[in-house]
Amino acid sequence: MDPAGAIPASRSPAAELRGGALALAPLLVGVAPFGVIYGVVALQSGIPPAAAMAMSSVVFAGSSQFLLAQLAGLGAPGVVMVASVALVNLRHALYSASVASALEHLPRRWKAILAYLLTDEAYAAAVARLGEDGENRHWFLLGAGLTLWSGWQVSTAAGILLGASLPRELPLDFALPLTFIAIVVPMIRSRGALVAAAVAAGAALLCAGWPYQLGLLAAAVAGIVVGWLVARWGTGT
Amino acid sequence: MGDGNVSLWLVMVAGGLVTFLTRLSFIAAEGRIAVPRWFRAMLPFVPVATLTALVVPALLRPGGTWDVSVGNPRLIAGIVAVVVAAVSRNVLLTIVIGFAVFLVLHWVL
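These protein sequence lines are chains C and E, in that order.
For any residue, its number in this note's numbering is found by taking its place in the first sequence, counting from 1, and adding 347.
For any residue, its number in this note's numbering is found by taking its place in the second sequence, counting from 1, and adding 61.
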């Protein structure tokens, strides 16, 4: 891979596309296992294989898909499921704001396609290139986005095939909370994050009896707000 | 069951639309709108709070009833997974060790 600074400003669309694909490729090592695990646990939650597969292109957001699988297994109502997805995906608005000026000149169709492909990984792989000059740099984001999209579809399909062949008595549903633990624990690196997790945990237990899994949303919002207040208080702003 | 599948597809399409519109938001606004500072400051806490709120009841209230005991394999394996995640910061290792502990306890207890 070229170091970011060595990329000439005016590269062809094909060169940008290839550059984006190459920048994203290493991230597939981390993404593919998630795709496989998602496929396995989606079936375990009672989602039919066709729906589990379609979700990877219709929703196309890893943490939201895990969340939907978990909530489908719990029998949560649709409104709560969609609201949870909206909450978990709020961070994408930040990516959207971050790349907006680099994509300002593009026609609407381009903006729609690139927005659809704007995942955590594609953003991470392309953000440095988008901050530089280059009239074709949006092709870089397209290359990164399409590479991740393809990898996600293939790994999901592998997980669905694997899940269908595993014995039903294997309690695979527990892979979901384990996946969330593996994602969350390394995120707790500040006092604010620790408080957010503790408040969310306590509130989730207190509100566990609420109907329609509304306790989950209430606990998440409580954790977010209290964590934010603690962080604000700590920095004195 | 048929109804459940119809609503699942509806939820999926709605969830996909919400995700797409979130990603499109500021791109479509062409950078004219700045992200409010409080909104930006709250975002880091969203995944931590949401996922923790999902995990903790799954460990302490499996199947919807309290089970705070050493005879609860989900609780014990979950605690082991938290320790493994904190020490290794490795996603796959956390899942593999956590699941192995869970399976052993699940079959022994």
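Where is the CB? At the ideal position from N, CA and C, for every residue including glycine.
Pairwise C-alpha distance: residue j and residue i
| i | j | result |
| --- | --- | --- |
| Val378(C) | Val474(C) | 18 Å |
| His452(C) | Ala89(E) | 11 Å |
| His439(C) | Val387(C) | 26 Å |
| Met103(E) | Trp575(C) | 5 Å |
| Arg455(C) | Leu488(C) | 16 Å |
| Trp557(C) | Ser512(C) | 36 Å |
| Leu525(C) | Gly481(C) | 43 Å |
| Ala423(C) | Leu375(C) | 31 Å |
| Leu498(C) | Trp580(C) | The displayed chain sequence assigns Gly, not Leu, to residue 498(C). Approximately 42 Å between the Cα atoms of the pair. |
| Val96(E) | Gln500(C) | 32 Å |
| Val542(C) | Lys458(C) | 38 Å |
| Pro107(E) | Val577(C) | In the sequence as displayed, the identity of residue 107(E) is Val instead of Pro. Answer to the nearest angstrom: the Cα atoms are 14 Å apart. |
| Ser86(E) | Ser403(C) | 21 Å |
| Val426(C) | Val432(C) | 10 Å |
| Ser359(C) | Ala430(C) | 41 Å |
| Val111(E) | Gly562(C) | Before going on, a small fix: residue 111(E) reads as Thr here, not Val. Roughly 11 Å separates the two Cα atoms. |
| Gly63(E) | Gly510(C) | Residue confidence is low: Gly63(E) scores 44 on pLDDT, short of 50, so the model does not pin down where it sits. Its coordinate-derived value is still stated next. Their Cα atoms are separated by approximately 22 Å. |
| Val67(E) | Gly125(E) | 26 Å |
| Val405(C) | Ala419(C) | 16 Å |
Chain-ordered chain E contacts of residue i [CB-CB under 9 Å]
| i | result |
| --- | --- |
| Met534(C) | Pro105, Pro108, Val109 and Leu112 |
Under 7 Å from the C-beta of residue i: neighbouring residues of chain E
| i | result |
| --- | --- |
| Gln417(C) | Leu115 |
| Arg438(C) | Leu104 and Val107 |
| Trp575(C) | Ala102, Met103 and Phe106 |
Local Cβ density within 10 Å of residue i, reported as buried at 16 or more and exposed below that
| i | result |
| --- | --- |
| Arg84(E) | buried |
| Pro514(C) | exposed |
| Ile145(E) | Checking the displayed sequence, the identity of residue 145(E) turns out to be Val instead of Ile. Answer is buried; the Cβ neighbour count reaches 16. |
| Phe100(E) | exposed |
| Ala363(C) | The sequence given here has Glu at residue 363(C), not Ala. The residue in question, Glu363(C), is buried, as its Cβ has 16 or more Cβ neighbours within 10 Å. |
| Ile507(C) | buried |
| Leu71(E) | exposed |
| Pro134(E) | buried |
Local conformation of residue i per DSSP, three classes
| i | result |
| --- | --- |
| Thr126(E) | coil |
| Val96(E) | coil |
| Ile158(E) | helix |
| Ser537(C) | coil |
| Phe407(C) | coil |
| Arg358(C) | coil |
| Gly439(C) | Per the sequence shown, residue 439(C) should be read as His rather than Gly. Three-state result, His439(C): helix. |
| Ile140(E) | helix |
| Trp557(C) | coil |
| His452(C) | coil |
| Val131(E) | coil |
| Pro396(C) | helix |
| Arg515(C) | coil |
| Leu104(E) | coil |
Partners in chain C for residue i, counting only beta-carbon separations shorter than 7 Å
| i | result |
| --- | --- |
| Pro118(E) | Ala551, Leu552 and Ala555 |
| Ser130(E) | Correct list: empty, because the minimum Cβ distance to chain C is about 15 Å. |
| Val143(E) | Ile528 and Val532 |
Under 8 Å from the C-beta of residue i: neighbouring residues of chain E
| i | result |
| --- | --- |
| Ser410(C) | Pro108 and Leu112 |
The ligand FAD heavy atom lying under 7 Å from the CB of residue i
| i | result |
| --- | --- |
| Ala430(C) | Absent from the structure shown: the ligand FAD. Ligands present: none. |
Proximal residues of chain C, C-beta to C-beta of residue i below 9 Å
| i | result |
| --- | --- |
| Ile156(E) | Pro380, Ile384, Ala522, Leu525, Thr526, Ile528 and Ala529 |
Residue i at chain D interface by Cβ criterion, 8 Å
| i | result |
| --- | --- |
| Gly570(C) | Of the protein chains in the structure, C and E, none is chain D. |
Per-residue contacts from residue i into chain C (C-beta, under 8 Å)
| i | result |
| --- | --- |
| Leu136(E) | What Leu136(E) touches in chain C: nothing, since even the nearest Cβ is about 11 Å away. |
key: the region 514-533 of chain C / the region 154-163 of chain E touching (three or more Cβ pairs under 8 Å)   = yes
key: the region 143-157 of chain E contacting the region 530-550 of chain C, beta-carbon criterion three pairs below 8 Å   = Contact between the region 143-157 of chain E and the region 530-550 of chain C is present, because at least three Cβ pairs lie under 8 Å.
inquiry  = For the pair the region 543-552 of chain C and the region 111-123 of chain E, tell me if three or more CB-CB distances fall below 8 Å.
reply    = Contact between the region 543-552 of chain C and the region 111-123 of chain E is present, because at least three Cβ pairs lie under 8 Å.
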